[in-house]
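**Student:** For reference, the structure I am asking about is given below.
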Amino acid sequence: MPEHIPVDEAVAIGIDFGTLSGRAVVVRVRDGEELGDAVHEYRHGVVDRSLPADGRLLPPDWALQVPQDWRDVLRKAVPAALAAAGVSADQVIALGTDFTACTVLPATAAGAPLCELPQYADRPHAYPKLWKHHAAQDQADRINALAEQRGEAWLARYGGRISSEWQYAKALQLLEEDPELYAAAERWIEAADWIVWELTGVESRNQCTAGYKGIHQPDLLPGSGYPGRDFLAALNPGFADFTEKIDFPLSPLGGKAGGLSPRAAAWTGLIEGIPVSVGNVDAHVTNAAARALEPGHLLAIMGTSTCHIMNSDRLADVPGMCGAVRDGVVPGLWGYEAGQSGVGDIFAWAVRTALPEGYAREAHERGIGAHELLTEKAQAQPVGAHGLIALDWHSGNRSTLVDHHLSGLIVGLTLDTSPEDVYRALLEATAFGTRVIVDAFERSGVPVTDFTVAGGLPKNAFLMQIYADVLRRPVNVIGSEQGGALGSAIHAAVAAGAYPDIHSASAAMGRIRRDVYLPDPERARDYDLLYAEYRELHDHFGRDRLAGGSNVMHRLRALRAQARTAQAADARTANARAANADPSTPATSATPATTDLPASRADLDGVPA
Ligand SMILES: Nc1ncnc2c1ncn2[C@@H]1O[C@H](COP(=O)(O)OP(=O)(O)O)[C@@H](O)[C@H]1O
Ligand SMILES: O=C(CO)[C@@H](O)[C@@H](O)COP(=O)(O)O
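Letter 319 of the sequence shown, counting from 1, is numbered 319 in the UniProt record's numbering, and no numbers are missing.
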């Protein structure tokens with residue numbers, strides 16, 4: 001830590017790059033006090049309908065982002081946070097970042113995103129693929145099938161299936177749908193590492209994304225630590241050298257990646273050369289902020305999606321986990337990740353699609369949000385009174401089924417069912433989904449001793465009480481509303497040498513409120529009954545296809561893909577006809593061309609029942 005800054009005045013900045021916005025927080029290094037913050041919403045948000053460059057439609061399940069939106073967070077949110085905190089740039093001892101993951105982009109060897117090269121701006125595959133880009137399920141299925149067939153030991157570290165969200169599936173999709181761009185991509189890099197490269201001018205790779213999203217398991221995979229050339233070639237001969245695009249020395253979490261470059265100093269208003277910590281993931285970095293680093297302490301970071309992150313001193317193969325990675329959260333322990341791809345997203349869907357006009361008016365008149373109104377109405381009823389069970393798979397299932405071609409379900413609808421009944425059933429479904437994950441850990445011999453929540457959703461007290469009742473456990477709550485950014489600031493403080501390690505920095509700067517929600521025995525008993533019903537539906541639609549269950553969700557998705565492909569082809573034909581009839585008519589985005597990308601093979605072929 002620089003000696004010229006009095007200990008009470010030293011601050012670190014943490015920047016949390018989320019799904020829709022980036023948030024910078026100025027944190028006092030001595031005690032973690034958050035002095036000021038600022039948010040910058042991404043101009044393009046999630047690019048999931050049409051490409052910004054030319055308005056062409058994207059196929060279903062695509063989700064892209066625009067790197068300039070991330071730079072804008074540095075330019076706008078950092079100076080605004082400093083101003084809000086009332087501190088000067090020379091008090092800032094270090095900067096740390098965290099990112100959604102696996103959010104991954106093709107880049108040149110100099111770090112330029114391919115989508116920023118004019119010749120590639122109209123190519124969807126040139127853009128960063130956001131974590132919730134789910135169009136590489138076909139590739140994920142093939143990676144899993146081959147790994148299983150070859151008995152690859154690493155597969156069990158990923159719960160027996162890697163997700164279509166991860167680096168390999170997304171890269172294989174790039175190769176197979178746009179081979180020219182694949183060849184042009186000298187780097188396939190997580191946004192978590194790319195932003196650090198932008199900040200420092202120094203290329204680095206962090207151990208967290210390499211392990212969880214990049215299948216880096218050095219004790220199982222000799223050499224680079226990544227799956228070997230023969231495995232990659234068996235997936236697709238053109239994929240044989242993929243490792244060259246990702247293999248780079250890994251840096252430990254809490255380490256210094258480099259000093260702030262002159263360019264980034266100009267963007268942020270900070271002083272050139274201050275340490276920038278190694279990249280990290282929004283979920284994993286939060287454990288330090290919540291003082292949830294000890295073995296068995298599971299942190300659920302609940303927002304658009306939920307990530308479950310837990311350290312353990314034990315290594316076990318937990319079915320359906322996202323990954324177990326040595327040093328993946330803090331050096332010296334096994335870090336486990338599990339998750340639910342849709343949580344807040346599902347509640348948002350209910351608000352978007354099932355809020356009657358009268359409810360919207362009431363919320364407006366009372367000056368409260370739709371979530372608050374639906375929650376208030378939903379909590380008046382006893383457990384089970386709505387007669388519903390929902391499956392929380394609107395964005396697929398990341399753990400424990402690892403299948404993004406599953407979809408949501410609500411059973412028990414009648415003419416009496418109200419919007420708040422549906423809303424409550426969806427809240428409960430996400431709690432049941434978390435219970436499946438906690439049960440999987442415990443059954444595999446990885447004990448869960450503490451359960452803590454962080455993220456945007458703990459503000460919903462009723463939802464938190466449902467979690468306590470469904471899990472039959474006390475729920476602790478992080479003592480910060482910006483756990484990711486605080487966690488990043490903690491890592492920055494370690495990188496600056498203010499603390500010897502992440503544990504001590506977390507103890508001094510992190511915050512947790514213990515036992516905020518306690519399970520109610522009666523409600524817990526009633527929820528056990530509903531959970532049993534949830535498990536039956538879960539297994540029927542998600543697990544037991546070969547044992548009498550139903551594959552209907554996959555078949556519906558295949559039909560959807562066929563219908564949309566036909567619709568897009570019709571639009572293309574109509575557009576071409578209009579252009580031929582009147583050559584002065586440009587091919588407009590009123591009837592935009594879709595990409596020529598095929599829907600996934602599984603979609604087009606359909607899946608046997
Ligand atoms: N009171 C509420 N109850 C339940 N869900 C909510 C509430 N308010 C917002 N949400 C949901 O929370 C999600 C945003 O969570 P947040 O943690 O702020 O974002 P992110 O995950 O992108 O960092 C949205 O999907 C929104 O639908
Ligand atoms: O998957 C991970 C981390 O592994 C998350 O980045 C991803 O779920 C996005 O998180 P948010 O819901 O945007 O907070």
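Positions of the beta carbon are idealized from the N, C-alpha and C atoms, including for glycine. Keep in mind it's a predicted model, so treat the numbers as computed, not measured.
Using 10 angstroms around the beta-carbon of K459, count the other beta-carbons present and answer buried if the total reaches 16, otherwise exposed.
**Tutor:** exposed
**Student:** Give the single residue among P128, V196, R23 and R560 whose Cα lies nearest to the Cα of residue 616.
**Tutor:** Here the chain covers residues 1 to 609 and nothing more, so residue 616 does not appear.
**Student:** Nearest to P6 by alpha carbon, out of R28, D16 and E33?
**Tutor:** That would be R28, whose Cα lies nearest to the Cα of P6.
**Student:** At least one CB of chain C closer than 8 Å to the CB of R535: is that the case?
**Tutor:** Absent from the structure: chain C. Only one protein chain is present.
**Student:** When you compare each of R187, L146, G332 and N397 to Q207 by their alpha carbons, which one comes out closest?
**Tutor:** G332
**Student:** Is the separation between the beta-carbon of P124 and that of L51 shorter than 8 Å?
**Tutor:** yes
**Student:** Return yes when at least one heavy atom of ligand 2 lies under 7 Å from the C-beta of S164, else no.
**Tutor:** no
**Student:** Looking at C115 and ligand 2, is the gap between the Cβ and the nearest heavy atom below 7 Å?
**Tutor:** no
**Student:** With respect to the beta strand (DSSP E) encompassing G479, which residues constitute its N-terminal and C-terminal limits?
**Tutor:** Counting along the chain, G479 falls outside any beta strand (DSSP E), and DSSP gives it neither H nor E.
**Student:** Could you name each continuous alpha helix (DSSP H) segment of 4 residues or more that falls completely within the region 382–427, going from the start of the chain to the end?
**Tutor:** none
**Student:** Kindly indicate which three-state DSSP category Y517 falls into: helix, strand or coil?
**Tutor:** strand
**Student:** Since N206 sits in a beta bridge, which residues does DSSP pair it with?
**Tutor:** DSSP, once it has assigned bridges, lists S251 as partnering N206.
**Student:** Might you give, ordered along the chain, the residues of its own chain that have their beta carbon closer than 6 Å to the beta carbon of P598, omitting 5 neighbours on each side?
**Tutor:** Unreliable positioning characterises P598 in this predicted model, as indicated by a pLDDT of 35, which lies under 50. The coordinate reading is nonetheless provided below. Non-local beta-carbon contacts of P598 in its own chain, meaning distances under 6 Å to residues more than five positions away in sequence, are absent.
**Student:** In or out: A264 buried (at least 16 other Cβ within 10 Å) or exposed?
**Tutor:** buried
**Student:** According to DSSP, simplified to helix, strand and coil, what is I274?
**Tutor:** In the three-state reduction of the DSSP assignment, I274 falls in the coil class, being assigned neither a helical nor a strand state.
**Student:** Rounded to whole angstroms, what's the CA-CA distance from V453 to Y42? Just pull it up for me.
**Tutor:** 26 Å
**Student:** Work out the CA separation of A574 and A112 for me, nearest whole Å.
**Tutor:** 37 Å
**Student:** Bridge partners for S312 per DSSP, in chain order?
**Tutor:** W334
**Student:** So is the beta-carbon of Y336 under 7 Å away from any non-hydrogen atom of ligand 2?
**Tutor:** no
**Student:** Less than 6 Å between C-beta atoms, sequence neighbours within five positions excluded: which residues of the same chain meet that for T243?
**Tutor:** S224 and Y226
**Student:** Closer than 8 Å is the cut-off here; do at least three beta carbon pairs connect the region 237–254 with the region 124–139?
**Tutor:** no
**Student:** Going by the beta-carbon positions, is the gap between G497 and L401 smaller than 8 Å?
**Tutor:** no
**Student:** Per DSSP, which one or two residues make a beta bridge with G339?
**Tutor:** As computed with DSSP, G339 is found in a beta bridge with C307.
**Student:** Among all the DSSP beta bridges, which residues are the ones paired with G323?
**Tutor:** In the DSSP output, where bridge partners are listed per residue, G323 has E337.
**Student:** Which of helix, strand or coil does DSSP assign to D603?
**Tutor:** Confidence at D603 is low in this model, with a pLDDT of 34, below 50, so its placement is unreliable and the value that follows should be read with caution. Helix at D603.
**Student:** Helix, strand or coil: how does DSSP classify P113 here?
**Tutor:** strand
**Student:** So does A283 have its beta carbon nearer than 7 Å to some heavy atom of ligand 2?
**Tutor:** yes
**Student:** Rounded to the nearest angstrom, how far is the Cβ of I502 from that of G323, given a contact under 8 Å?
**Tutor:** The pair is not a contact, with the Cβ atoms about 19 Å apart (cut-off 8 Å).
**Student:** If you count every other CB in all the chains shown that lies within 10 Å of the CB of D313, and 16 or more means buried, which is it?
**Tutor:** exposed
**Student:** Bridge partners for W188 per DSSP, in chain order?
**Tutor:** P106
**Student:** Just list the residues that DSSP pairs I13 with in beta bridges.
**Tutor:** V26 and L95
**Student:** Apart from the five residues just before and just after S444, which ones in its own chain have a Cβ nearer than 6 Å to its Cβ?
**Tutor:** A316 and V318
**Student:** For a test of the three-state rule: what should DSSP assign to L64, helix, strand or coil?
**Tutor:** L64 falls in the strand class under three-state DSSP.
**Student:** Which whole-angstrom value describes the C-beta separation of A288 and A505, a residue pair presumed to lie in contact below a C-beta threshold of 8 Å?
**Tutor:** Contact flag correct, Cβ pair sits at about 7 Å.
**Student:** Return yes when the C-beta of H4 is under 7 Å from any heavy atom of ligand 1, and no when it is not.
**Tutor:** Relative to ligand 1, even the nearest heavy atom lies 7 Å or more away from the CB of H4.
**Student:** Do you know whose CA, among L220, A140, I301 and G228, lies nearest T100's CA?
**Tutor:** I301
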